[in-house]
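Line by line, the protein sequences give chains A and B.
Per this note's numbering, the very first residue in the first sequence carries number 19; after that it's consecutive.
Per this note's numbering, the very first residue in the second sequence carries number 19; after that it's consecutive.
The beta carbon of each residue, even a glycine, is placed where N, CA and C say it ideally should be.
Number of protein chains: 2
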Amino acid sequence: MGNIENTIICGDCIEELKKLKNESVDLIFADPPYFMQTEGELLRTNGTKFLGVEDLWDKFDSYDEYDNFCFNWLKECKRVMKKNASIWVIGSFQNIYRIGFIMQNLGFWILNDVVWSKPNAVPNFSGTRFQNSHETLLWCTKSKNSKYTFNYKTMKYLNGNKQDKSVWDISICIGSERIKGSDGKKVHSTQKPEKLLYKIILSSSKLNDIVLDPFFGTGTTGAVAKKLGRKYIGIEKEKKYIDVAKMRIKKIKCEPNEIEKLSMEIKPPKVGILKLIDNNYLKVGENLYSKDENKICKLLKNGYVTDGIDELSIHKMSAKFLSTNNHNGWDYFYVKRLNKLVSIDTFRYEFMENSI
Amino acid sequence: MGNIENTIICGDCIEELKKLKNESVDLIFADPPYFMQTEGELLRTNGTKFLGVEDLWDKFDSYDEYDNFCFNWLKECKRVMKKNASIWVIGSFQNIYRIGFIMQNLGFWILNDVVWSKPNAVPNFSGTRFQNSHETLLWCTKSKNSKYTFNYKTMKYLNGNKQDKSVWDISICIGSERIKGSDGKKVHSTQKPEKLLYKIILSSSKLNDIVLDPFFGTGTTGAVAKKLGRKYIGIEKEKKYIDVAKMRIKKIKCEPNEIEKLSMEIKPPKVGILKLIDNNYLKVGENLYSKDENKICKLLKNGYVTDGIDELSIHKMSAKFLSTNNHNGWDYFYVKRLNKLVSIDTFRYEFMENSI
DNA sequence: CATTGATATGAATCCTACG
DNA sequence: ACGTAGGATTCATATCAAT
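Here it is in structure tokens:
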């Protein structure tokens, strides 16, 4: 039995999760019921009724019942996650403390809790609390020592070249993005904005990765996954949502740009100093210079360098010159070619290109 | 045995909480240990050591031990809270899901989870996650149906006359506000900014209320409480923090301004229509007008009004005129005096002033 | 067509004092 | 405790009608 990629499975979340293979998905996004516990009706200040979440799927009898439900779907999620997969779960104050507690107990390791701050959240009509203007996302690995995908440079680039933060300002899903039925009413009461899924999938998955959403709804996860060249598996109980999701995803084209293909995440080639000496890119006995030529050291045949006192790796020597603990020697040292300074780092790329 | 106000108690949090009276405090702010589980040293990229939370009081053996600790101090907090008191607890992703789960299980009712978003948070030096740029506060009552203090208008006024939100942008405690020892190092590793406590105490307490902080540290809660004309009780295990806190609070002056005294929260005088008729502010049989004089109704001797069809309260009649469910009739209706329109609401204030 | 104004609506634990 | 009457309360954005 194998998972079928790019499909939507109609059925109970826990039952269908159980049918998926062990360690078969790279990323999970889960948007479970929040168990809002609202009673009666809420009126706007003009007297009209606010249409919140009144769906049956959000009703539970008690915290115990809700906890038990969450324990079970989270346990199955953990089972189907590949060793180095990660999982995102979204919730609000009504349920996120249940979720977080259970996830930690199951051994999930929280990498970040991310705040989705909504500039256009529903106000508090009666002036009795602070406006609830955010939701919370938990981003976790299977366990404490799991590796995981994080496209740091991509996220930094998209955040104006500043390290991206745990607080995200994203508008709620309204306007033409919000899917409406023939009656003009929203099809799903809690459709998530594509921008939110975009950040999630782009930051924590690779091209062609498999993204699972056990509460698929109208398929925002599938739509964004397809657009970004990732594969999706969705589980959804209600056929009316699946019909809409299928139509929606069909229209989406898979056309990731270079950034979305993670061109910024390509690591420098792993080529050692000795390899460059063997292939005549560097010569034993020649001088390595700092960019301002104020610091000089000599290349030894074992790949180390000496300043006349210490014999160190290029990294430790550059750190010594900079009076710090650690530094990347590849970025620091230059050699002279035709009387011009050339970064030793360029030779790593030249070697790789010539050896293809 | 009575609680002593404006004191700092030196001792174990749970033991000292147990000595406090039932239902004796109006507000609690708690900043418990975070259970950071840092192993080894975290180094900045330049090799200098990053001073994080490594103090002894932050070490626990397991979630179980931490959960048990939190259950016990939270249970005591609930006991000492007055019926309509509220409690704020701050934490980060390492511990807030333990706290929230336990609080819900203890019957606390979450009013808001508030995000303290830090524009100048410590960056993620290793570029392996999103920068953790926020902490989370849980604001709760003792139980679902508890009343509580929320100075809505004051917070709205201070937020540019917009309803205040659950996401607060506040800088971390640095510069002259950060208390340093004679060695120039910070005295407490997690000193909270006064602006954070200002919002907490001002939004959810009244003048002269008693504010309890069971993890008093260097006394930010006490300092802000005193400044705002509230009383404080602090519990702190470490004498070195208490010494600093005492010095600090001694220098603070109690001088709340009008806003901080909650002048904006004063409710309009409760004077009924019949009282105004009895005292000749309004006359039975006279007309009440909407501001544009397009709607008219007649005042009856039972305090109700009639538009010739229905006999309703001023509130229901104004709502009928506005085609809505509810409206405040005091703001809607005017009478004619010397051929000018006068709001009937002004008579309530006049009556109150004349009867003092 | 551009601008202005009215209306609709979004994951919501949404009143309170008095009899 | 519980029911009832009094009366206090909304932000950002999209859409559509009117000018």
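Near-chain B residues of the region 59-82 of chain A (beta-carbon distance less than 9 Å), N- to C-terminal order: L61, T63, N64, G65, T66 and Y81
Among B/K183, B/I32 and B/D261, whose alpha-carbon lies nearest the alpha-carbon of B/N90? B/I32
Which residues in chain B sit within 9 Å of A/I128, going by Cβ to Cβ distance? F111, Q112 and Y115
Going by DSSP, which residues form a beta bridge with A/G252? A/I26 and A/D231
Just curious, the alpha helix (DSSP H) that A/C315 is in, first and last residue? From DSSP, A/C315 is part of no alpha helix (DSSP H) but of the beta strand (DSSP E) over I314 to L317.
Where B/C272 and B/S222 are concerned, what is the direct C-alpha to C-alpha distance, given to the nearest angstrom? 18 Å
Spatial neighbours of B/N388 within its chain, please: C-beta separation below 6 Å, excluding the five flanking residues on both sides. There is no way to answer for residue 388 of chain B, as the model of chain B reaches only from 19 to 374.
Cα-Cα, which of B/V140, B/Y307 and B/L35 is closest to B/V98? B/L35
Do you know how far the Cα of B/L92 is from the Cα of B/G125? 11 Å
Could you name the residues of the same chain whose beta carbon sits closer than 8 Å to that of A/N305, not counting the 5 residues immediately before and after it, in chain order? I314, C315, K316, L317, V353 and K354
Buried or exposed for A/F68, going by 16 or more other Cβ atoms inside 10 Å? exposed
Looking at the structure shown, is A/L74 part of a helix, part of a strand, or coil, going by DSSP? helix
Could you give the C-beta distance for A/N24 and A/K249, rounded to a whole number, given that I count them as a contact under 8 Å? 6 Å
Would you report the Cα separation of A/I260 and A/Q209, rounded to the nearest angstrom? 13 Å
Taking only beta-carbon positions, decide if B/Y170 is within less than 8 Å of chain A. yes
What are the residues that DSSP puts in a beta bridge with A/I46? A/I105 and A/L230
For A/V360, decide whether its Cβ has a neighbour in chain B, counting only Cβ atoms nearer than 8 Å. no
Would DSSP call A/S194 helix, strand or coil? helix
Please determine, among B/T239, B/K100, B/I291 and B/K255, the residue with the shortest C-alpha to C-alpha distance to B/I267. B/T239
Assuming A/V242 contacts A/I219 (C-beta within less than 8 Å), just tell me the rounded distance between them. 6 Å
I want to verify the contact list: residues of chain B whose CB lies under 7 Å from the CB of A/F119, in sequence order. Y115, R116 and F119
Using a C-beta cutoff of 8 Å, does A/R366 count as contacting chain B? no
Compare the beta carbon distance of A/I108 and A/E254 with 8 Å and say whether it is the shorter of the two. no
Boundaries (first-last residue) of the alpha helix (DSSP H) holding B/V140: Note, B/V140: premise wrong, no alpha helix (DSSP H); not H, not E.
For the structure I just gave you, are there three or more beta carbon pairs, one from the region 182-200 of chain A and one from the region 126-146 of chain A, closer than 8 Å? yes
Drop a sphere of 10 angstroms on the beta-carbon of B/I371, count the other beta-carbons inside from all chains shown, and report buried for 16 or more, exposed for fewer. The amino acid occupying residue 371 of chain B in the given sequence is Glu; Ile does not appear at that position. Exposed, because fewer than 16 other Cβ atoms sit within 10 Å of the Cβ of B/E371.
How far does the alpha helix (DSSP H) with A/L306 in it extend, from its first residue to its last? Looking at the DSSP string, A/L306 is not in any alpha helix (DSSP H); the run it does join, the beta strand (DSSP E), is N305 to Y307.
Considering Cα atoms alone, identify which of B/K180, B/V262, B/L280 and B/Y52 is closest to B/N226. B/L280
Residue range of the beta strand (DSSP E) that includes B/C88: Note, B/C88: premise wrong, no beta strand (DSSP E); alpha helix (DSSP H) at Y81 to V98.
Exposed or buried, which one is B/I284 when buried takes at least 16 other CB atoms within 10 Å? exposed
Here's the rule: buried if 16 or more other CB atoms are within 10 angstroms of the residue's CB, otherwise exposed. What is B/G29? exposed
Bridge partners of A/Q149, per DSSP? B/K183
Tell me the rounded alpha-carbon separation between B/N150 and B/F143. 11 Å
B/D182 CB to nearest chain A CB: under 8 Å? yes
Taking the alpha-carbon positions, what's the A/I291 to A/K309 distance? 19 Å
Give me whichever residues DSSP pairs with B/C8 in a beta bridge. Absent from the structure is residue 8 of chain B, since the part of chain B shown begins at 19 and ends at 374.
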